[in-house]
Structure formats: C-alpha cells, structure tokens
Amino acid sequence: MQDQESINQQIRRRDVELLVTQLMVNEEATIKLILDRLYATGTINFINHKVKFKPVNHGLKTVAHWATPVGRYFGYRWLVKKTPRLITGWLFSKVAFKVPPIPPTVTVQTVAPAPEVLIGSQQRQIRALRRQLRLTSGAALVAAMSLGGVLMWQNVDWIGTSSGIEAPPPQSQQQP
C-alpha cells in the first residue's frame, strides 16, 4: 500500500512540474517583462553600489542598458530550466507532513585554540596582490570603455554596409 502511494505521489509531482513548465511557456511575455524590470533595477543598483566614479558609472549603466536583451534571453532560459523543479519542490514541501527527527546526543569536546594562521609577510603579500588585482581590473575597465568610445566615435560598422547600396560619388563642379 505504501509503495503504491509513493508511486502516485511521484506521478503527481511530475504532473505539477509539467503544469508549472507549461505555465511558464504560456506566460513567456509576462516573464520576460518581469525579467526586464528586475535586470534594469538590479544592474543599476549593482553599478551604483560597486562603481563610485561618475563617468565610469554612467558608461557602465549605458552598457548594461544595451545588454538587456542578452540578460532577458539567458534569464528566461535559466528560469524555464530550473524554476519548475524548484517551485514543485517548494509546493510539495508545504503539503508534506514530516515526522520530527529524534535529536542526536550531544558530546562536548574541548578544542585547543587555533594558532595564528597567517604571518605578517603573508598578509603583506595578500594586500599587495589585492592592490594589483584592483589596478589591473581598473585598467581593463578603462581600456574597454576607451575602446567602446573610440568605436562609437569613429562609427565603425562591423558588419559592413547592410543595405549594399553605396553612396554616389561626389559630382565635380565644372568652371565656365
């Protein structure tokens, strides 16, 4: 009897997971709109929290705004892949009645205090490496922003002429 109940419960669990997946597929537009709002709010808050230098802050917000379709695409894929199982597990945990576990016996052991793990020279090395990492990250960020600015300033067309129509040659003016 117990075996048949567990099989029925697994079937119901699979059915609920399929229904949640179908709900997510049917409400794709709504989920993508929610993801857009969450992405915009989250990136702005993250950039404001991490980057205090105003020109870089503004540039990163612009780049984050341009990356919204990418965030929406990968966010939706992740949600459709992971969320039905998470929601199903959460819903079934709400209707499950678990027997409280028997508390284990507690044994107390005395532990000697841990010796100082890092000595002064290691701490100095760690600080120096962190400083180098911040400097390298900043340099990479400045280089990326500069490259983006130069490319936008030069109006580089990476794909080529999209319409295939070239501008007519300038007409020469003949003097009388």
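Numbering of the sequence shown is given in full-length UniProt numbering, commencing with residue 1 and proceeding in unit increments.
Positions of the beta carbon are idealized from the N, C-alpha and C atoms, including for glycine.
Residue of the options minimising C-alpha distance to residue i
i, options, result
"S6", "A128, A96, S121", "A96"
"G89", "M24, W78, R12", "R12"
"Y73", "E27, K32, P84", "K32"
"K81", "L129, L18, G149", "L18"
"P84", "R127, Q10, V16", "V16"
Heavy atom of the ligand ADP within 7 Å of residue i beta-carbon
i, result
"K50", "The ligand ADP is absent from the structure shown, which contains no ligand whatsoever."
Rounded separation between residue i and residue j - CA only
i, j, result
"P55", "Y39", "21 Å"
"G164", "Q22", "Caution is warranted here: a pLDDT of 49 is assigned to G164, below 50, making its placement in the model unreliable, and no coordinate value can be reported."
"I44", "K61", "6 Å"
"S137", "V25", "40 Å"
"H58", "T68", "16 Å"
"F53", "R130", "19 Å"
"Q125", "A64", "34 Å"
"E28", "S93", "26 Å"
"W66", "A128", "35 Å"
"T107", "K98", "26 Å"
"Y76", "R134", "33 Å"
"S146", "A140", "10 Å"
"G120", "H49", "31 Å"
"Q10", "Q4", "10 Å"
Residue i, DSSP secondary structure in three states
i, result
"P104", "coil"
"I11", "helix"
"T62", "helix"
"I159", "Its pLDDT being 47, under 50, I159 is placed unreliably by the model, and the measurement read from it follows with that caveat. Looking at I159 - three-state DSSP - the assignment turns out to be coil, as it is neither helix nor strand."
"A67", "coil"
"F46", "helix"
Handout entry: Inter-stretch contact at 8 Å, needing at least 3 Cβ pairs: the segment 33-53 / the segment 61-78
Key = yes
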